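S.K.: To start, I am sharing the structure in question, which I have written as structure tokens.
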């Protein structure tokens, strides 16, 4: 996949690719105030954050900030579409089943992630795209 959501639209969205940082498709606003808002909601004054001008333009944040940023966007705007990529060829194993963060990329699509918890803070995902051995899911988080 080229690193962008397959269903890119003018909606507020986050894309968690297989590797690399998380892409946040959120209006630039006046830039500095949006940057300060990101830092405030993640409680990370020195957080690495950048505005990527390439189309479609987006904010780039570390993978470890995915959940915090997603919930902050929902709190501020009422919803966010969460696109997550998974490898169909990656077998689900103990690492996935015992994980406590949402960075699973295996073929279970998060169904067994964290054991019985199944990413319990997220609604069930809808598969929205398939490219080779990569599948992309969509979850819409709301208040």
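Numbering (our numbering), first residue to last: 1 to 143.
Glycine residues also receive a C-beta, built at the ideal position from the N, C-alpha and C atoms.
Since this is a predicted model, take the numbers as computed values, not measurements.
Just list the residues that DSSP pairs residue 86 with in beta bridges.
M.R.: BP columns for residue 86 point to 135.
S.K.: Provide the residue span of the alpha helix (DSSP H) that contains residue 67, from first to last.
M.R.: First-last of the alpha helix (DSSP H) with residue 67: 66-77.
S.K.: By the three-class DSSP mapping on this structure, what secondary structure does residue 140 have?
M.R.: It is a strand residue.
S.K.: Just confirm the distance between the C-beta atoms of residue 125 and residue 97, as a whole number of angstroms; I'd bet it's less than 8 Å.
M.R.: Not confirmed; about 17 Å, so no contact.
S.K.: Mind checking which residues open and close the alpha helix (DSSP H) that includes residue 48?
M.R.: Unbroken run through residue 48: none, as it is neither H nor E.
S.K.: Among all the DSSP beta bridges, which residues are the ones paired with residue 130?
M.R.: Answer is 135, bridged to residue 130.
S.K.: Is residue 113 near the ligand HEM, judged by its Cβ being under 7 Å from some heavy atom?
M.R.: Ligands in the displayed structure: none, and consequently the ligand HEM is not present.
S.K.: In the DSSP output, what is residue 15 paired with across the bridge?
M.R.: According to DSSP, which records beta bridges pairwise, residue 15 is partnered with 23 and 83.
S.K.: Within 10 angstroms of its Cβ, does residue 88 collect 16 or more other Cβ (buried), or is it exposed?
M.R.: So residue 88 counts as exposed.
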